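See structure below.
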Amino acid sequence: MQQQQRLAHILEIVQDLIALFILLAAELITFILDLVCLASRRGYL
């Protein structure tokens with residue numbers, strides 16, 4: 812559960828900075844997939 816909270820916090824920061832597309836170019840594919848799934852559930856995508 813704590814990992815989900817961390818991902819949620821990271822997603823909020825990314826959205827505030829409008830940097831989601833920069834993160835999507837990163838090489839940490841599992842992190843990116845988790846972040847994209849969370850963004851989708853929250854309606855950001």
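Numbering of the sequence shown is given in our numbering, commencing with residue 812 and proceeding in unit increments.
We put the beta carbon where it would ideally sit given N, CA and C, even for glycine.
None of these values were measured; they are calculated from a predicted model.
- When secondary structure is reduced to three states using DSSP, A850 falls in the helix class.
- The C-beta of L822 has 16 or more other C-beta atoms within 10 Å across all chains shown, which makes the residue buried.
- Of the residues assessed, A836 falls on the exposed side of the cut-off, its CB having fewer than 16 other CB atoms within 10 angstroms.
- Using a Cβ distance threshold of 8 Å, A819 and L849 count as a contacting pair.
- Under a 10 Å Cβ-count criterion, L846 is classified as buried, with 16 or more other Cβ atoms of the shown protein chains found around its own Cβ.
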